[in-house]
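Numbering (the numbering used here), first residue to last: 54 to 174. We put the beta carbon where it would ideally sit given N, CA and C, even for glycine. Heads up, the thing below is written out as structure tokens.
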């Protein structure tokens with residue numbers, strides 16, 4: 054295999070990995086947003102673009118509830134995105150509240166989505 058062929062394989066693998074991270078999951082694997090235990094919001098995300106849309110507008114108490122429990126981090130790990138999971142864990146460590154939390158969460162997810170969408174076929 055020449056050097057040109059060896060460059061194609063990693064690129065194809067990256068594109069497939071990005072597509073996998075952008076996929077929609079079945080309803081049983083969706084992220085269901087809650088305000089607190091036993092208090093669902095009715096919002097659910099089946100993929101990262103849906104997730105981004107919801108975190109932009111959902112009540113801040115839901116974001117604080119889930120980030121504090123590590124729920125966002127665990128869901129993106131389930132999707133297979135360890136890179137974003139680590140970023141979300143970092144946000145949890147900062148113990149952000151209110152709109153600053155929303156802003157940093159949205160920025161992290163938006164940046165990751167942009168990277169994945171550029172890589173995806």
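For the alpha helix (DSSP H) containing residue i, list its first residue and its last residue.
{"i": "residue 143", "result": "135 to 147"}
{"i": "residue 129", "result": "124 to 132"}
Since residue i sits in a beta bridge, which residues does DSSP pair it with?
{"i": "residue 161", "result": "Its beta-bridge partners do not exist; DSSP assigns none."}
{"i": "residue 84", "result": "98"}
{"i": "residue 79", "result": "Answer is none; residue 79 lacks a bridge partner."}
Taking its Cβ as the centre, do 16 or more other Cβ atoms sit within 10 Å of residue i, making it buried, or is it exposed?
{"i": "residue 162", "result": "buried"}
{"i": "residue 146", "result": "exposed"}
{"i": "residue 164", "result": "exposed"}
{"i": "residue 134", "result": "buried"}
{"i": "residue 15", "result": "Because the chain in this structure spans residues 54 to 174, residue 15 falls outside the shown range and cannot be described."}
{"i": "residue 98", "result": "buried"}
{"i": "residue 138", "result": "buried"}
Check each candidate in the options and name the one with the smallest Cα separation from residue i.
{"i": "residue 152", "options": "140, 134, 114", "result": "114"}
{"i": "residue 120", "options": "98, 95, 158, 76", "result": "158"}
{"i": "residue 82", "options": "130, 94, 89", "result": "130"}
{"i": "residue 100", "options": "76, 116, 86, 155", "result": "76"}
{"i": "residue 118", "options": "149, 137, 136, 80", "result": "149"}
{"i": "residue 80", "options": "95, 89, 155, 91", "result": "95"}
{"i": "residue 103", "options": "74, 93, 122", "result": "74"}
{"i": "residue 90", "options": "124, 107, 108", "result": "124"}
{"i": "residue 112", "options": "168, 155, 172", "result": "155"}
{"i": "residue 126", "options": "110, 144, 109", "result": "144"}
Could you check whether the Cβ of residue i sits closer than 7 angstroms to any heavy atom belonging to the ligand MN?
{"i": "residue 95", "result": "As presented, the structure is devoid of all ligands, the ligand MN included, so that no description of it is given."}
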